[in-house]
Amino acid sequence: MTLNRRKARETAMMALYAAELSNDSLEHILETVIHPKMKADEELNEFSTALFLKTIRDREELDAIVGEFVTNWDIKRIATIDRCVLRLAITEMMAFEEIPTKVTINEAIEIVKKYSTAKSGKFINGILDAASKKLGEQGKIVKTGSGLITKTLPRG
1 MTLNRRKARE
11 TAMMALYAAE
21 LSNDSLEHIL
31 ETVIHPKMKA
41 DEELNEFSTA
51 LFLKTIRDRE
61 ELDAIVGEFV
71 TNWDIKRIAT
81 IDRCVLRLAI
91 TEMMAFEEIP
101 TKVTINEAIE
111 IVKKYSTAKS
121 GKFINGILDA
131 ASKKLGEQGK
141 IVKTGSGLIT
151 KTLPRG
């Protein structure tokens, strides 16, 4: 594998950013943002494409989830990059069973530190940590695979 999943996540985030700021079709964004960057690895191209399309499809639900954890703050006021990364990470937590939640959160923090503000890492970490706990309790995050916990256990 010549590329890695972080690059695929970054590419999906760039595609989401393009979708957020333009009126371009999803097909155009796929053909101009994702496919050219991911052409070297079919598996990563599929991962990036699926992550992007699932995030676009579930945007309203994702915004509602994020909205639960940003009190007195309209989601539209969150920096566009941060909003895109939050949506992607929550999508990945809920839709990609084989990727551990901690990996998703760590990747989101690293991506937002690279593309957004200095304070974005802590902001993203706080929201994703709270969201992962609540979504886990609701049974919306189920992880399968070797070494993964398949059920969130209560603390205490």
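So in full-length UniProt numbering the end of the sequence shown lands on 156, straight run, no missing numbers. Positions of the beta carbon are idealized from the N, C-alpha and C atoms, including for glycine.
Rounded separation between PHE96 and ASP82 - CA only: 20 Å
Delimiting residues of the alpha helix (DSSP H) encompassing ASN106: 101 to 115
9 Å Cβ cutoff met for ILE56 and LEU21: By the CB criterion at 9 Å, ILE56 and LEU21 fall outside the cutoff.
Option in ALA108, ARG77, GLY67 with minimal Cα separation from ALA8: ALA108
DSSP-derived helix/strand/coil call for ALA40: Of the three classes helix, strand and coil, the one that applies to ALA40 here is coil, per DSSP.
Backbone secondary structure at GLU68 - three-state DSSP: coil
Cβ-based neighbour list, MET93, same chain, cut-off 7 Å, excluding 5 preceding and 5 following: THR101, THR104, SER132, LEU135, ILE141
Nearest-angstrom Cα separation, counted from ILE29 out to ALA19: When rounded, the distance between both Cα atoms is 7 Å.
Buried or exposed (CB count within 10 angstroms, at least 16 for buried), GLY156: Annotation note: pLDDT 40 at GLY156 (below 50); position unreliable, coordinate value reported separately. With fewer than 16 Cβ atoms within 10 Å of its Cβ, GLY156 is classed as exposed.
Classification of ALA64 by the beta-carbon crowding that lies within 10 angstroms, buried from 16 upward: exposed
CA-to-CA distance, ARG6 to GLY126, given in whole angstroms: 20 Å
Separation of LEU62 from ILE111, as counted between CA atoms: 19 Å
Coarse secondary structure for ALA79, derived from DSSP in three states: coil
Identity of the residue in THR49, LEU88, ASP24 nearest VAL66 by Cα: LEU88
Beta-carbon contacts of TYR17 that lie in its chain and below 7 Å, excluding the five residues immediately before and after: Same-chain partners within the cutoff: THR80, ILE81, CYS84.
ALA118 classed as buried or exposed, judged by whether at least 16 other C-beta atoms fall within 10 angstroms: exposed
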